[in-house]
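Presented below is the structure to which this report refers.
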Amino acid sequence: GAVVSQHPSWVICKSGTSVKIECRSLDFQATTMFWYRQFPKQSLMLMATSNEGSKATYEQGVEKDKFLINHASLTLSTLTVTSAHPEDSSFYICSATKAFFGQGTRLTVV
Amino acid sequence: SQQGEEDPQALSIQEGENATMNCSYKTSINNLQWYRQNSGRGLVHLILIRSNEREKHSGRLRVTLDTSKKSSSLLITASRAADTASYFCATGPMAGGTSYGKLTFGQGTILTVHP
Numbered sequence: 716g717a718v719v720s721q722h723p724s725w726v727i728c729k730s731g732t733s734v735k736i737e738c739r740s741l742d743f744q745a746t747t748m749f750w751y752r753q754f755p756k757q758s759l760m761l762m763a764t765s766n767e768g769s770k771a772t773y774e775q776g777v778e779k780d781k782f783l784i785n786h787a788s789l790t791l792s793t794l795t796v797t798s799a800h801p802e803d804s805s806f807y808i809c810s811a812t813k814a815f816f817g818q819g820t821r822l823t824v825v
Numbered sequence: 062s063q064q065g066e067e068d069p070q071a072l073s074i075q076e077g078e079n080a081t082m083n084c085s086y087k088t089s090i091n092n093l094q095w096y097r098q099n100s101g102r103g104l105v106h107l108i109l110i111r112s113n114e115r116e117k118h119s120g121r122l123r124v125t126l127d128t129s130k131k132s133s134s135l136l137i138t139a140s141r142a143a144d145t146a147s148y149f150c151a152t153g154p155m156a157g158g159t160s161y162g163k164l165t166f167g168q169g170t171i172l173t174v175h176p
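Protein chains in written order, with the numbering used here: chain A, 716 to 825; chain B, 62 to 176.
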C-alpha cells in the first residue's frame, strides 16, 4: 500500500524555539495532506489541510501564524511549530490523500 | 470538531473473549473507518466500510454500519493480548475532491486484553 513517511518520530525542544516536521508521500503524489494533533489520552483533531501550491486551510481555533504549513511539492508537506511552548507538546500526525497516515511525531517542549 | 462518540471509553476483557466497540456520528458520511493505535504510536488502518454497506469482515474483525442510526460497531473476536490498544472510528465527509481523506475521529475506546 501507499507509504507516508513522517520525520522526526520524536523531538524535544526548548520553549521559544521552532520545530519543523516533515511528511512525505513515498510512492505516490499527494496534492492534499492533512495535519492532526493528539493531546495525551485524547482523540485526534484535524488542524489543517495542506494543499500543494496554495495556502493551507486551518480549522477553527488553530493559529495559522503559529503552525506554518508548506506544501511546495507533490510529495512533501511540512509543519513548523513556531515559538513552541510547553502547551504545544503533543503528538502530531499527517495523512495524505486517501487517509494514508505517517508514523506521527511526538513533540515535547521543555 | 469531533463528531464521533465511542463507547465504552475503556474495555477490559480476558484473552479469548470478544470485544465490541461502538461509534456514533452526527453528519452524513461517505465512509467510516476504524483505526488502532498502540500507546503513543501511529495509526494502523483496520477496515473501511462505505455508506452503502451494512457489514464488513476482515479476519477477526467485523464492522457494522447503520446509517439510519448514524452508528457503527467494531467486533474483535477471540481477542488476544496483542489486541490491547486504543481503537478509533473516523468518518469521511460526503464531499469528494480534496476533502476525501479529511477525517473526523471519535473519542476512542481503550481496549485491554488480559492474558
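Here a beta-carbon is modelled for each residue, glycine too, at the ideal position from N, C-alpha and C.
### Message
On a Cα-Cα basis, can you pick out the residue from A:E737, A:D742, A:Q744 and A:M748 that is closest to A811 (chain A)?
### Response
On the first sequence, position 96 is the one that residue 811 (chain A) refers to. Scanning A:E737, A:D742, A:Q744 and A:M748 for the CA closest to the CA of A811 (chain A) turns up A:M748.
### Task
Give, in chain order, every unbroken run of the beta strand (DSSP E) that is at least 3 residues long and sits entirely within the region 84 to 117 of chain B.
Scanning the region 84 to 117 of chain B for uninterrupted beta strand (DSSP E) segments of 3 residues or longer gives 90 to 98 and 104 to 111, listed from N- to C-terminal end.
### Message
Output needed in chain order: residues of the region 790 to 806 of chain A with a Cβ under 9 Å from some Cβ in chain B.
### Response
Along the region 790 to 806 of chain A, the positions whose C-beta sits under 9 Å from a C-beta of chain B are F806, read in chain order.
### Message
Looking at the secondary structure, which residues open and close the beta strand (DSSP E) in which P801 (chain A) lies?
### Response
Counted from its first residue, the first sequence places residue 801 (chain A) at position 86. Per DSSP, P801 (chain A) lies in no beta strand (DSSP E) and is assigned neither H nor E.
### Query
Per DSSP, H175 (chain B) is paired with what?
On the second sequence, position 114 is the one that residue 175 (chain B) refers to. The bridge partners DSSP lists for H175 (chain B) are B:Q75.
### Query
From D144 (chain B) to L172 (chain B), what distance separates their C-alpha atoms?
One-based indexing of the second sequence puts residue 144 (chain B) at position 83. One-based indexing of the second sequence puts residue 172 (chain B) at position 111. So the alpha carbons of these two residues sit roughly 8 Å apart.
### Message
What does the Cβ neighbour count give for E67 (chain B), buried or exposed, with the cut at 16 atoms within 10 Å?
### Response
Counting from 1 along the second sequence, the entry for residue 67 (chain B) is found at position 6. Buried is the call here.
#### Entry: G776 (chain A) at chain B interface by Cβ criterion, 7 Å
Here residue 776 (chain A) refers to the residue found at position 61 when the first sequence is read from its first residue. False, the Cβ-Cβ gap to chain B never drops below 7 Å.
### Task
Report all residues from its chain with a CB closer than 6 Å to the CB of Y773 (chain A); omit the five preceding and five following residues, and keep chain order.
Reading the first sequence from its first residue, position 58 is the one you call residue 773 (chain A). Its chain contains A763 and K779 as the residues whose beta carbon lies nearer than 6 Å to that of Y773 (chain A), once the 5 sequence neighbours on both sides are disregarded; these appear in chain order.
### Message
So, for S62 (chain B): in the same chain, excluding its five sequence neighbours on each side, which residues have a beta-carbon less than 8 Å away from its beta-carbon?
### Response
To locate residue 62 (chain B), count along the second sequence from 1; it is residue 1. With a pLDDT of 40 at S62 (chain B), under the threshold of 50, the modelled position of that residue is not reliable, and the figure given next carries that caveat. By the criterion of a C-beta distance shorter than 8 Å, S62 (chain B) is surrounded in its chain by T165, once the five residues flanking it on both sides are discounted.
#### Entry: Contact belief for R739 (chain A) with L791 (chain A) at Cβ below 8 Å, rounded distance in angstroms
Mapped onto the first sequence, residue 739 (chain A) falls at position 24. Mapped onto the first sequence, residue 791 (chain A) falls at position 76. Right, the Cβ-Cβ distance comes to about 5 Å (below 8 Å), so this counts as a contact.
### Query
Looking at the structure shown, is A787 (chain A) part of a helix, part of a strand, or coil, going by DSSP?
The sequence position of residue 787 (chain A) within the first sequence is 72, counting from 1. The DSSP-derived three-state label of A787 (chain A) is strand.
### Query
On the premise that S758 (chain A) lies in contact with G167 (chain B), defined as a C-beta separation below 8 Å, what is that separation, rounded to the nearest angstrom?
Indexing the second sequence from 1 puts residue 167 (chain B) at position 106. Indexing the first sequence from 1 puts residue 758 (chain A) at position 43. Going by Cβ atoms, the distance from G167 (chain B) to S758 (chain A) rounds to 6 Å, so yes, they are a contact pair.
### Query
Helix, strand or coil for D144 (chain B) per DSSP?
Residue 144 (chain B) sits at position 83 when you count from the first residue of the second sequence. Helix, per DSSP.
#### Entry: Contacts that G817 (chain A) makes with chain B (C-beta to C-beta distance below 8 Å)
Counting from one through the first sequence, the residue named residue 817 (chain A) turns up at place 102. Under the 8 Å cutoff, chain B gives G103.
### Task
Mind listing the chain B neighbours of A763 (chain A)? Cutoff is C-beta to C-beta under 7 Å, in chain order.
Along the first sequence, one-based indexing puts residue 763 (chain A) at 48. Against chain B, the beta carbon of A763 (chain A) has no neighbour under 7 Å; the closest one sits roughly 10 Å away.
### Query
Tell me, which residues are paired with K735 (chain A) by DSSP?
In the first sequence, counting from the first residue as 1, residue 735 (chain A) sits at position 20. K735 (chain A) is bridged to A:T795.
### Message
With DSSP as the reference, identify every bridge partner of V726 (chain A), one or two as the case may be.
### Response
To locate residue 726 (chain A), count along the first sequence from 1; it is residue 11. Per DSSP, A:L822.
### Query
Within the 7 Å Cβ cut-off, does L107 (chain B) reach chain A?
Translated into positions along the second sequence, residue 107 (chain B) becomes position 46. Chain A contact via Cβ: absent.
### Message
Using beta carbons (cut-off 7 Å, strictly below), is K130 (chain B) in contact with chain A?
### Response
Numbered from its first residue, the second sequence carries residue 130 (chain B) at position 69. No - not a single Cβ of chain A is within 7 Å of the one on K130 (chain B).
### Message
Spatial neighbours of K163 (chain B) within its chain, please: C-beta separation below 8 Å, excluding the five flanking residues on both sides.
### Response
Along the second sequence, read from residue 1 onward, the residue named residue 163 (chain B) stands at position 102. Taken in chain order, the residues that qualify are G153 and P154.
### Message
Can you look up V719 (chain A) in the DSSP assignment and give me helix, strand or coil?
### Response
Numbered from 1 along the first sequence, position 4 holds the residue referred to as residue 719 (chain A). For V719 (chain A), the three-state secondary structure derived from DSSP is strand.
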